[in-house]
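K.L.:
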Amino acid sequence: MIPVNQPWLGKREEELVLECLRSGWISSAGTFIAAFEQGWADYCRRRYGIAVSNGTAALQLALACIGLKPGDEVIIPAFTIISCALAVIYNGGVPVLVDADPRTWCMDVEQVENKIGPKTRAIMPVHIYGHPVDMDPLLNLAEKHGLAVIEDAAEAHGAEYLSPRNTTNSVWRRCGSFGDLSCFSFYANKLVSTGEGGMVLTDNPALADRARSLRNLSFQPHRRFHHEELGFNFRLTNLQAALGVAQLERMDQIITRKRLMGQNYNRLLKDVDGLELPPEESWTKNVYWMYGVVLSEKIGMDASQFAQRLQRREIETRPFFLGMHEQPVFRKRGLFVEESYPVAERLARRGLYLPSGLALTEEQLTTVCAVVREVLS
Ligand SMILES: Cc1ncc(COP(=O)(O)O)c(C=O)c1O
Numbered sequence: 076m077i078p079v080n081q082p083w084l085g086k087r088e089e090e091l092v093l094e095c096l097r098s099g100w101i102s103s104a105g106t107f108i109a110a111f112e113q114g115w116a117d118y119c120r121r122r123y124g125i126a127v128s129n130g131t132a133a134l135q136l137a138l139a140c141i142g143l144k145p146g147d148e149v150i151i152p153a154f155t156i157i158s159c160a161l162a163v164i165y166n167g168g169v170p171v172l173v174d175a176d177p178r179t180w181c182m183d184v185e186q187v188e189n190k191i192g193p194k195t196r197a198i199m200p201v202h203i204y205g206h207p208v209d210m211d212p213l214l215n216l217a218e219k220h221g222l223a224v225i226e227d228a229a230e231a232h233g234a235e236y237l238s239p240r241n242t243t244n245s246v247w248r249r250c251g252s253f254g255d256l257s258c259f260s261f262y263a264n265k266l267v268s269t270g271e272g273g274m275v276l277t278d279n280p281a282l283a284d285r286a287r288s289l290r291n292l293s294f295q296p297h298r299r300f301h302h303e304e305l306g307f308n309f310r311l312t313n314l315q316a317a318l319g320v321a322q323l324e325r326m327d328q329i330i331t332r333k334r335l336m337g338q339n340y341n342r343l344l345k346d347v348d349g350l351e352l353p354p355e356e357s358w359t360k361n362v363y364w365m366y367g368v369v370l371s372e373k374i375g376m377d378a379s380q381f382a383q384r385l386q387r388r389e390i391e392t393r394p395f396f397l398g399m400h401e402q403p404v405f406r407k408r409g410l411f412v413e414e415s416y417p418v419a420e421r422l423a424r425r426g427l428y429l430p431s432g433l434a435l436t437e438e439q440l441t442t443v444c445a446v447v448r449e450v451l452s
């Protein structure tokens, strides 16, 4: 079986984790935490990093930091992981959806303004499967309406966005450098993985202090066991941070490998009739976190039938996200009832992703492409 994901771990990870074990710094104090926080913030060109236990916690913490109040609305994409909606709901807020853009699979930025109302507090752009959201118009909208931006860059480590476009002073900016706070996951299938883990980045010192305090049960700096706010235990361990530090040392290699994997898939699949390949707009550098494909309607099967056929030939895949408005858990709570997001619905039914882990070999990738071609021919 060619697995959908296999992490790429090396000697350096082993060495640094052993250092934690030998020194006894296995919990959430220890030098690797601060090193990982600063290293990741520097990589993303941000000032402050606050490591947390996972990406869902990062989103929840970021929204708590901006002081989301019950009933406040946060605009999120319909086509995303449930963590985005959960983070809003855990903070007492209401997620408001926009459809995906068929060109990028990310939130359709042109649909956002229509969803802004008196209760809107924030926008949460999510870079889907490694492709950046069109950030400039979104940031302009947020500024115009006085909204916070919580960027979810969980799937877009090292992806880049050209800003501003069509000018002589454009620069490539990394995903995770936008908005008031940006959030990451370091789950095992992410480009940088700490097993479980996450981070919040910001340039704002007050938000950074607040995030640090809320992450750790809101302990007061001057008087221990004295709490003035409802905090969380979202701490990352030194053992996990050690993995992150080891991978940061070879970040360029990780990105190069991932982009090459995407380009190889593109090259070998580009002429397969009826197969839509992942986007890469000219103003982006996609990192192909997961190499997604979409079956056009002329192919007489949907993504789940396609996945079964690949599974029988020992290729593991994963379905695309099911839109937030189609989630039974939200429908039961009366959310998104009778809402429809046709692009998200199509992606959910016709999309899946192929093996994309960093440990995937060129030979395995070639086999996957040959099998895809055979199944679709
Ligand atoms: C876009 C996005 N946001 C948030 C998360 C949540 O991260 P975690 O699984 O670490 O909680 C994920 C997880 O894969 C994700 O893809």
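This note's numbering applies: residue 76 is where the sequence shown begins, and numbers increase by one.
Positions of the beta carbon are idealized from the N, C-alpha and C atoms, including for glycine.
Source: prediction; values computed, not measured.
Taking the alpha helix (DSSP H) that Ala110 falls in, what are its first and last residues?
P.N.:
Translated into positions along the sequence shown, residue 110 becomes position 35. Where Ala110 is concerned, the enclosing alpha helix (DSSP H) stretches over 106-118.
K.L.:
Determine whether the beta carbon atoms of Leu427 and Thr392 lie at a separation below 7 Å.
P.N.:
As a first step, residue 427 is located in the sequence shown; it is residue number 352 there, counting from the start. As a first step, residue 392 is located in the sequence shown; it is residue number 317 there, counting from the start. Cβ atoms of Leu427 and Thr392: closer than 7 Å.
K.L.:
For Arg122 versus Asp227, is the C-beta spacing smaller than 7 Å?
P.N.:
Reading the sequence shown from its first residue, position 47 is the one you call residue 122. Reading the sequence shown from its first residue, position 152 is the one you call residue 227. It is not a contact, given that the beta carbons lie outside the stated cut-off.
K.L.:
Starting from the N-terminal side, write out each stretch of the beta strand (DSSP E) that is 3 residues or longer and does not extend beyond the region 378-402.
P.N.:
The region 378-402 contains no whole beta strand (DSSP E) run of 3 or more residues.
K.L.:
Does Cys454 come out as helix, strand or coil in the three-state DSSP assignment?
P.N.:
Since the first residue shown for the chain is 76 and the last is 452, residue 454 is missing from the structure and cannot be characterised.
K.L.:
To the nearest angstrom, how far is it from the Cα of Trp100 to the Cα of Glu90?
P.N.:
Residue 100 sits at position 25 when you count from the first residue of the sequence shown. Residue 90 sits at position 15 when you count from the first residue of the sequence shown. Between Trp100 and Glu90, the C-alpha separation is close to 14 Å.
K.L.:
Asn264 by DSSP, collapsed to three states: which one?
P.N.:
To locate residue 264, count along the sequence shown from 1; it is residue 189. Residue state, collapsed to three classes: coil.
K.L.:
Can you list, in chain order, the residues of its chain with a C-beta nearer than 6 Å to that of Trp220? Leave out the 5 residues immediately preceding and following it.
P.N.:
On the sequence shown, residue 220 is found 145 positions in, with the first residue counted as 1. Residue identity check: residue 220 is His in the sequence provided, not Trp. So the list reads Ile191, once near-sequence residues are dropped.
K.L.:
Any heavy atom of ligand 1 closer than 6 Å to the beta-carbon of Ile101?
P.N.:
Translated into the one-based positions of the sequence shown, residue 101 becomes position 26. Ile101 Cβ: outside cutoff for every heavy atom of ligand 1.
K.L.:
Assign Ala104 to one of two classes, buried (16 or more other C-beta atoms within 10 Å of its C-beta) or exposed (fewer than that).
P.N.:
Start at 1 with the first residue of the sequence shown, and residue 104 comes out as number 29. Counting Cβ neighbours within 10 Å, Ala104 comes out exposed, since fewer than 16 surround it.
K.L.:
Quick one: give me the first and last residue of the alpha helix (DSSP H) that Met274 is part of.
P.N.:
As a position in the sequence shown, residue 274 is number 199, starting the count at 1. Counting along the chain, Met274 falls outside any alpha helix (DSSP H), though it belongs to the beta strand (DSSP E) covering 273-277.
K.L.:
Where DSSP assigns a beta bridge to Glu351, which residues make up the other side?
P.N.:
Residue 351 sits at position 276 when you count from the first residue of the sequence shown. DSSP output for Glu351 lists Val369 as bridge partner(s).
K.L.:
Judging by CA-CA distance, which residue of Leu352, Asn166, Glu230 is the nearest neighbour of Gly130?
P.N.:
On the sequence shown, position 55 is the one that residue 130 refers to. Checked all of Leu352, Asn166, Glu230; the closest Cα to Gly130 is Glu230.
K.L.:
Among Arg298, Asn215, Leu305, Leu214, which has the Cα closest to the Cα of Gln135?
P.N.:
The sequence position of residue 135 within the sequence shown is 60, counting from 1. Among Arg298, Asn215, Leu305, Leu214, the Cα nearest to that of Gln135 belongs to Leu305.
K.L.:
In this structure, does DSSP put Gly130 in helix, strand or coil?
P.N.:
Along the sequence shown, one-based indexing puts residue 130 at 55. Three-state DSSP puts Gly130 in a helix.
K.L.:
Could you tell me the distance, in whole angstroms, from the CA atom of Ala445 to the CA atom of Pro430?
P.N.:
Mapped onto the sequence shown, residue 445 falls at position 370. Mapped onto the sequence shown, residue 430 falls at position 355. Looking at the two C-alpha atoms, the distance is approximately 13 Å.
K.L.:
Where do the N-terminal and C-terminal ends of the alpha helix (DSSP H) with Pro170 fall, by residue?
P.N.:
Position 95 of the sequence shown, counting from 1, holds the residue named residue 170. Pro170 -> not in any alpha helix (DSSP H); beta strand (DSSP E) instead, spanning 169-173.
K.L.:
Return helix, strand or coil for Cys250, following the three-state DSSP convention.
P.N.:
As a position in the sequence shown, residue 250 is number 175, starting the count at 1. Looking at Cys250 - three-state DSSP - the assignment turns out to be coil, as it is neither helix nor strand.
K.L.:
Please tell me whether Ala126 and Phe111 are closer than 7 Å, where the distance is taken between their beta carbons.
P.N.:
For the purposes of this step, residue 126 is identified with residue 51 of the sequence shown, where counting begins at 1. For the purposes of this step, residue 111 is identified with residue 36 of the sequence shown, where counting begins at 1. Cβ distance < 7 Å, so Ala126 and Phe111 count as in contact.
K.L.:
With respect to the beta strand (DSSP E) encompassing Leu427, which residues constitute its N-terminal and C-terminal limits?
P.N.:
Taking the first residue of the sequence shown as 1, we reach residue 427 at position 352. Counting along the chain, the beta strand (DSSP E) containing Leu427 begins and ends at 426-429.
K.L.:
Does chain C have any CB closer than 7 Å to the CB of Tyr416?
P.N.:
No chain C appears in the structure shown, which is made up of a single protein chain.
K.L.:
Using beta-carbon positions only, say whether Cys159 and Met199 come within less than 7 Å of one another.
P.N.:
For the purposes of this step, residue 159 is taken as residue 84 along the sequence shown, with counting starting at 1. For the purposes of this step, residue 199 is taken as residue 124 along the sequence shown, with counting starting at 1. Contact: yes.
K.L.:
Give every residue of the same chain whose Cβ lies closer than 7 Å to the Cβ of Phe396, excluding the five residues on either side of it in the sequence, and list them in chain order.
P.N.:
Residue numbering aside, residue 396 sits at position 321 when the sequence shown is read from its first letter. Closer than 7 Å at Cβ, skipping near neighbours: Phe154, Thr155, Ile156, Ala423.
K.L.:
Under 8 Å Cβ to Cβ from Asn313, same chain only, skipping five residues before and after it: list those, please.
P.N.:
For the purposes of this step, residue 313 is taken as residue 238 along the sequence shown, with counting starting at 1. So the list reads Cys95, Trp100, Ile101, Ser102, Ser103, Ala104, Gly105, Thr106, Phe107, Ile108, once near-sequence residues are dropped.
K.L.:
For ligand 1, any of its heavy atoms closer than 6 Å to the Cβ of Val208?
P.N.:
On the sequence shown, position 133 is the one that residue 208 refers to. Answer for Val208: no, Cβ out of range of ligand 1.
K.L.:
Round the Cβ separation of Ser238 and Cys119 to the nearest angstrom and send it over; I've been treating them as touching at under 8 Å.
P.N.:
Working through the sequence shown from its first residue, we reach residue 238 at position 163. Working through the sequence shown from its first residue, we reach residue 119 at position 44. Not quite, the Cβ-Cβ distance comes to about 14 Å (not below 8 Å), so this is no contact.
K.L.:
Kindly examine ligand 1 and report whether one of its heavy atoms sits closer than 6 Å to the Cβ of Asn129.
P.N.:
Taking the sequence shown and counting its residues from 1, the one referred to as residue 129 is at position 54. Result yes, Cβ under 6 Å from ligand 1.
K.L.:
Could you tell me how far apart the beta carbons of Val362 and Ala234 are, in whole angstroms, since I believe they sit closer than 8 Å?
P.N.:
Counting from one through the sequence shown, the residue named residue 362 turns up at place 287. Counting from one through the sequence shown, the residue named residue 234 turns up at place 159. About 4 Å separates the two Cβ atoms, so the contact holds.
K.L.:
Hey, could you find the ends of the beta strand (DSSP E) Ser453 is sitting in?
P.N.:
Since the first residue shown for the chain is 76 and the last is 452, residue 453 is missing from the structure and cannot be characterised.
K.L.:
Just to check my reading of the structure: Arg249 and Ala223 have Cβ atoms closer than 8 Å, yes? What is that Cβ distance to the nearest angstrom?
P.N.:
Taking the first residue of the sequence shown as 1, we reach residue 249 at position 174. Taking the first residue of the sequence shown as 1, we reach residue 223 at position 148. Incorrect: roughly 20 Å between the Cβ atoms, too far for contact.
K.L.:
Could you check the C-alpha separation between His302 and Asn291 for me, to the nearest Å?
P.N.:
For the purposes of this step, residue 302 is taken as the residue at position 227 of the sequence shown. For the purposes of this step, residue 291 is taken as the residue at position 216 of the sequence shown. Their backbone Cα atoms lie some 11 Å apart in a straight line.
K.L.:
Would you say Val201 touches ligand 1, meaning its beta carbon is less than 6 Å from a heavy atom?
P.N.:
Along the sequence shown, one-based indexing puts residue 201 at 126. Yes, the Cβ of Val201 comes within 6 Å of a heavy atom of ligand 1.
K.L.:
When you measure from the CB of Ala229 to every non-hydrogen atom of ligand 1, does any distance come out below 6 Å?
P.N.:
Walking along the sequence shown from the start, residue 229 turns up at place 154. Answer for Ala229: yes, Cβ within range of ligand 1.
K.L.:
Give me whichever residues DSSP pairs with Tyr123 in a beta bridge.
P.N.:
Sequence index remark: in the sequence shown, residue 123 carries index 48 (1-based). DSSP lists Thr277 as partners of Tyr123.
K.L.:
Looking at Gly273 and ligand 1, is the gap between the Cβ and the nearest heavy atom below 6 Å?
P.N.:
Against the sequence shown, residue 273 aligns to sequence position 198. It does: the Cβ of Gly273 is within 6 Å (strictly closer) of some heavy atom of ligand 1.
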